[in-house]
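Notes follow once the structure below has been shown.
Residue numbers (my numbering): -5 to 436.
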């Protein structure tokens, strides 16, 4: 029996897929410990995993600097804030994670791709690790643009130049963190990185998607494996959902995530207004941010659909399996759940990797894309009716469902992880049944 560690952000979108992989490894007889902030503890325990507290105040990552406030005036505030957060987070990982890992005496690590400083610590301590891309694959590529933009690839001179410029922005965001990492690596006699992608595992990289959904790439590492949705079979409470209120009409399931802010409330009100007069029943989960406050405390629009079911928490997997349409902020987990069930989507991307997910929803024909902040109720109603009234969206979603199910899922991910961490040798695609992105797009 081996002892593996998981280093992942405290967000459910990252912890759930990593934790599901950990649960499968536990089922195979291994011990798995989640190493994260206190906010992650309950989720780790609910998944049946051990937990080791990583002593860090995650709230300070979110504090705005004067520079970020100034950058808001030109629309770049989010990039500056993310750059600041990555630098602080990287420093914390480099200084505090080594002692935690030494105490755990691990045989291997699963490291989320958005925590490259943890990979530098693994190298320092000579702990083998695999990289998990819980959101969209974020590797730099000549053709496929970075995840934070919403455009499709183009091999024209202009398209390639746009992609180069977008990745230059990504490098700028990571620059101070990479400098910190390289100082740390030099101090331990390790070769410095050229850029953040050097932090991806040389043993195996797992992408939580299927190659058919991703854009074709010009550079696909030989140890990269598209494994599909990792948390597809996770157990889920129904949170006391009122199943008896479903009335047999086509079901629309809507969720815009669990981030605490007024923007989510505005989007929820737009969705409720948009579904007035639509021949379908709306079920909407408001998210964890209303936990303890009560649904009644939210300013809901009037009129709204009389048969709408509005809950704080929803059994998302079960509802998506019954749905005719999913309205989503284009988070990777909700998108994977919809694709796994063969359900088309209306995507309202907001930030992070969501524009990239939404562009793939549109390009693959499994849904349409609106604006999280700007779509009016009337515009959103038009998008909803477009998808509901065109069976082609459902047909294409079911085709993508076939690709998702064939990707291998958590069992293939666990096979690759076990082999990579035990052998300390790269696990290549040709050694698995998983086809490459190039093959699926040819």
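For glycine and all other residues, C-beta sits at the position ideal for the given N, C-alpha and C.
Secondary structure at residue i, three-state DSSP: helix, strand or coil?
i	result
residue 90	helix
residue 361	strand
residue 206	coil
residue 112	helix
residue 137	coil
residue 68	Note that residue 68 scores 39 on pLDDT, short of 50, meaning its location in the model is unreliable; the coordinates nonetheless yield the value given after this. Residue state, collapsed to three classes: helix.
residue 11	helix
residue 130	coil
residue 223	coil
residue 148	coil
residue 238	helix
residue 212	coil
residue 35	helix
residue 230	coil
residue 5	coil
residue 188	coil
residue 258	helix
residue 272	coil
residue 182	coil
residue 194	coil
residue 76	helix
residue 172	helix
residue 418	coil
residue 40	helix
residue 118	helix
residue 96	helix
In the DSSP output, what is residue i paired with across the bridge?
i	result
residue 199	125 and 218
residue -2	26 and 102
residue 47	30
residue 248	278 and 321
residue 340	321 and 362
Keeping to the same chain, check which residues put their C-beta closer than 6 Å to that of residue i; ignore five residues upstream and five downstream.
i	result
residue 410	198, 219 and 421
residue 195	123, 124 and 125
residue 266	295 and 298
residue 157	139
residue 77	167
residue 204	220, 222, 397, 398 and 401
residue 417	none
residue 419	none
Look at the Cβ atom of residue i, then the Cβ atom of residue j, and state whether they are nearer than 9 Å.
i	j	result
residue 222	residue 341	no
residue 202	residue 246	no
residue 101	residue 415	yes
residue 306	residue 189	no
residue 46	residue 29	yes
residue 335	residue 308	no
residue 395	residue 312	no
residue 130	residue 354	yes
residue 80	residue 37	no
residue 142	residue 389	no
residue 248	residue 322	yes
residue 184	residue 244	no
residue 387	residue 350	no
residue -4	residue 21	no
residue 206	residue 330	no
residue 154	residue 172	no
residue 438	residue 251	Nothing in the structure corresponds to residue 438, since the chain is present only between -5 and 436.
residue 332	residue 261	no
residue 165	residue 41	no
residue 301	residue 239	yes
residue 423	residue 216	yes
For residue i, which residues of its own chain have a beta-carbon under 7 Å away from its beta-carbon, when the five flanking residues on both sides are left out?
i	result
residue 352	144, 324, 341, 343 and 363
residue 405	18
residue 114	88, 175, 178, 179 and 193
residue 268	371, 374, 375 and 378
residue 191	133 and 134
residue 12	0, 2, 104, 106, 126 and 128
residue 236	303
residue 407	15, 200, 221 and 224
residue 338	319, 360, 361, 381, 387, 388 and 391
residue 112	1, 87, 91 and 105
Sorted by chain position, which residues of the same chain lie with C-beta nearer than 8 Å to residue i's C-beta, five sequence neighbours on each side aside?
i	result
residue 357	146 and 209
residue 326	7, 128, 129, 130, 202, 203, 347 and 351
residue 116	95, 103, 105, 122 and 123
Query raised in the report: What runs of the alpha helix (DSSP H), each 4 residues or longer, lie entirely inside the region 275 to 335?
Result: Runs found: 310 to 316 and 326 to 335.
Query raised in the report: Which runs of the alpha helix (DSSP H) fall wholly inside the region 344 to 411 and span at least 4 residues, in chain order?
Result: Correct list: 348 to 357, 371 to 383 and 385 to 400.
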